[in-house]
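Each remark here refers to the structure printed beneath this line.
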Ligand SMILES: [Fe+2]
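In the numbering used here, the protein residues as written are 4 to 285.
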């Protein structure tokens, strides 16, 4: 496990440090808060190599972004990079992963002592958070949901669908087979795809790939829009995509859900965030 941490640290020093910019991390907070969203979803990774000091910085960043009831967080593979005592690591972010109702079958793991999935209901929108964060061996960045979370998620999606909620699934790893390289993939993505096929979901948001993505799965209950964004701190160096975030406008009109997306992207020339695209998910 120690060697994994060293690999990550080298990677940060020699490669990632030139890409990830603390100034952009601050600017993205300003830009998001200026938009005055009703809710903010953060899909990890929040830290790089899971050192105690990184969790302090990550917690500071998250608390500047917004109060725990206004910001929902799901952990990524780096957030569980190596086993670290709960109260020194992910436990510092626990109030950002707290659901507001009991989800039958939700589980804890040795790394994540909060029950997952969790559900937050905001008027007629339901935010469902799952954890794919597991420590992995060096050179791998895989994630797993596991059968218990899968079962709980399937029941939750069904329950919320029958109650008429707009359902948003928050997950760190891209949720379908083939959306990430094998060594970085969700290992039980096929099982999750089957659940999304059967139960539907209005929107899935993910991180991990550090690139803008929009995939559509045609489920038994209509299209499932699956969107990912670049890293929140990326300056675009070395052929990476500059930082970006998506703003979702969700409303119900004429008996149908409508969602439009505005992407705010870091403009390297202007050193500020600008609106890049706006489109409808209909
Ligand atoms: Fe990741």
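Just so it is clear, CB atoms sit at the ideal spot from N, CA and C, and this is done for glycine as well.
Bear in mind that the values here come from a model prediction, so they are computed numbers and not experimental data.
Here the alpha carbons of residue 271 and residue 169 stand approximately 35 angstroms from one another. In the DSSP assignment, residue 171 falls within the unbroken beta strand (DSSP E) covering 169-173. Less than 7 angstroms separates the beta-carbon of residue 263 from that of residue 283. When secondary structure is reduced to three states using DSSP, residue 29 falls in the helix class.
Here the C-alpha atom of residue 99 lies approximately 29 angstroms from the C-alpha atom of residue 239.
Residue burial is scored here from C-beta neighbours: residue 177 has at least 16 other C-beta atoms within 10 angstroms and is therefore classed as buried. Remark: C-beta atoms of residue 106 and residue 88 do not approach each other more closely than 7 angstroms.
The C-beta separation of residue 223 from residue 203 comes to about 6 angstroms, placing the pair in contact by the 8 angstroms criterion. With fewer than 16 neighbouring CB atoms inside 10 Å of its own CB, residue 21 falls in the exposed class. Set against 6 angstroms, the gap from the CB of residue 238 to the closest heavy atom of ligand 1 is not smaller.
In the three-state DSSP reduction, residue 256 falls in the strand class (E or B). Counting only runs of at least 3 residues, the segment 19-70 fully encloses the following beta strand (DSSP E) elements, listed from N- to C-terminal order: 43-45. Taking the Cβ of residue 80 as the reference point, at least one heavy atom of ligand 1 falls within a distance shorter than 6 angstroms.
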